[in-house]
Amino acid sequence: MTSAVQPPGLVGLLDAFKTSRTPLLNQEASNDLTNAETNARRLQDSHVAPDVLLVSGAGWEKANGIYLPSHVDHSGVVYKNGQGFLVSYEEHARETTHTTRRWLGWILGIGGKPLYTVQSNSPESPPPGGWRAVRDWGREPVPTVCTAVDVVDAVLVDVRSKLITIDKLAQQAEWQAAAEELLRTQDQLSHLLDVESPEVTYILAEVQEREQDLPLKQAKALKKDGDETCILGDWPKAQKLYQKAHRCLVKCDGPEAEQLRSELLIIRQHVPLKRLEQARTEAKCDFQAAEWAGLDAKLELVQHCMQAVKEAGMLIPLESAAEVEEMRLECTLQRVLGVKRSGDTEAARGTREGFAAAELYFATALKLLAT
């Protein structure tokens, strides 16, 4: 059976974007509880079960969304959403200290576990408000349940609300949460695959725009973080941020995405060169201060950076390569001289042990010269 009554709150939101054809993303999209209660009372008075339920605001995120009739049991119609959550009218049992009270009402749950309940004498239609979270299972906040008689209208309203949530999450740089909400939005659109109307075409275009816009915004934010990290001199972290930004653009089309992709490619090629310059400068400081012990480790880092530059397809300036080689040779020479001095000290002792130790030092010096 189908009721002629539609929730005024839902109709108002739909009419606004049907007539204006402009996005409502800068407005607050929330269910009007008073209108929803009025609609629920009308459905209850007519004793007609709604064709669709729209659950929103529940602490269990997957419990939100469109609920369609699944089957009929002894108490009436049981509604189910795409995640397997059920809304049904059943008898509740509430245990107190001395007695067990039983009363009728609606349950929202999954896998035989009630998450939210509300007392009601209407087996045809659940009330929008008054829901309570079941201890140990339910999560605050409690949901609002709107009833509707048209699946398309309910889906359109729900998708519009989700798009606003996606934009808010993107503004807060909550990229993972925004991507998950976008996936849930795409799931909801499966109810509209066979529907042809200007309203559906319009909302599909909005969702497709988010599919392109969301990863593009994330890529821009990651590039900005990478630029700031470069200023701080943390090149490995910056390189990872640029790589992640590039991955975000894999499914993005259009001139803006292509421009950003080109910029990231150039930056990623130059990051190894900048990292080499920083490592070379630090090594040069130790060289000028004759800090030979620390210089050896820094020259190893310079060699690693030079290899990364080659792998990136960049050329190493000849003067830089010559300077690094000069520092390496001088560092080796100074290490050899240090080892030789230790050997001379041991040999000067004039003992068997001293000569043995000196022999080891001189052998080490020869190996260093061979490198």
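Under UniProt numbering, the first residue of the sequence shown carries the number 1, and numbering increases by one thereafter.
Where a beta carbon is used, it is the ideal one built from N, C-alpha and C, also for glycine.
Please read all numbers here as calculations on a predicted model, not as lab measurements.
Query, Result
"Determine the direct distance from the alpha carbon of K237 to that of E61, and round the result to whole angstroms.", "33 Å"
"Would you call the segment 187 to 203 and the segment 215 to 231 in contact, with 3 or more CB pairs under 8 Å?", "no"
"Less than 8 Å separating the beta-carbons of T345 and L368?", "no"
"Residues in its own chain within less than 6 Å of A308 by CB, not counting five upstream and five downstream?", "P272"
"Going by the CB atoms, is the gap between A49 and G82 shorter than 8 Å?", "no"
"List the endpoints of the continuous beta strand (DSSP E) containing H71.", "65 to 73"
"According to DSSP, simplified to helix, strand and coil, what is S161?", "helix"
"Note down, in chain order, each residue of its chain lying with its Cβ closer than 7 Å to the Cβ of G84, except the 5 sequence neighbours on either side.", "I110"
"Whole angstroms are fine: how far does the CA of L108 sit from the CA of H71?", "15 Å"
"What is the C-beta distance between K274 and M327, in whole angstroms, given that I count them as a contact (C-beta under 8 Å)?", "Between M327 and K274 the Cβ distance is about 19 Å, and since that is not below 8 Å, they are no contact."
"How about W137 and P114: are their beta carbons less than 8 Å apart?", "yes"
"Using 8 Å as the Cβ pair cut-off and three pairs as the minimum, do the segment 211 to 218 and the segment 250 to 257 touch?", "yes"
"Under the three-state reduction of DSSP, which class applies to Q218: helix, strand or coil?", "helix"
"Ignoring anything shorter than 4 residues or poking outside the segment 168 to 207, list the alpha helix (DSSP H) runs there in chain order.", "175 to 188"
"Within the continuous alpha helix (DSSP H) that includes T147, where are the two ends?", "Counting along the chain, T147 falls outside any alpha helix (DSSP H), though it belongs to the beta strand (DSSP E) covering 144 to 148."
"Give the straight-line distance between the Cα atoms of N35 and Q269, rounded to the nearest whole angstrom.", "Annotation note: pLDDT 46 at N35 (below 50); position unreliable, coordinate value reported separately. The straight-line gap from Cα to Cα measures roughly 59 Å."
"Measure the C-alpha to C-alpha separation of residue 390 and Y242 and round it to an integer number of angstroms.", "Since the first residue of the chain shown is 1 and the last is 371, residue 390 is not available in this structure."
"Exposed or buried, H191, counting other C-beta atoms within 10 Å across all chains shown (16 or more means buried)?", "buried"
"Give me the Cβ distance between G354 and A347, rounded to the nearest whole Å; I'm assuming they're in contact under 8 Å.", "6 Å"
"Assuming W235 and Q303 form a contact by the criterion Cβ under 8 Å, report the distance between their Cβ atoms to the nearest whole angstrom.", "Going by Cβ atoms, the distance from W235 to Q303 rounds to 16 Å, so no, they are not a contact pair."
"Considering only the beta carbon of each residue, do T117 and V145 sit closer than 8 Å?", "no"
"Within the same chain, show all residues whose beta-carbon is closer than 7 Å to that of T364, passing over the 5 residues directly before and after it, in chain order.", "V339"
"Run through DSSP, which three-state label would P114 get?", "strand"
"Give me the Cβ distance between S120 and L104, rounded to the nearest whole Å; I'm assuming they're in contact under 8 Å.", "7 Å"
"My assumption, with CB atoms under 8 Å, is that L86 sits in contact with V78. Please give the rounded CB distance.", "6 Å"
"Quick check on S342: does DSSP put it in helix, strand or coil?", "helix"
"Quick check on DSSP: helix, strand or coil for I316?", "coil"
"When you compare the CB positions of D141 and G57, do they come within less than 8 Å of one another, or not?", "It should be pointed out that residue 141 corresponds to Pro in this sequence rather than to Asp. Yes, the Cβ-Cβ distance between P141 and G57 is below 8 Å."
"Quick check on residue 375: buried or exposed, where buried means 16 or more other Cβ atoms within 10 Å of its Cβ?", "Past the boundaries of the shown model lies residue 375; the chain is included only from 1 to 371, so the question cannot be answered."
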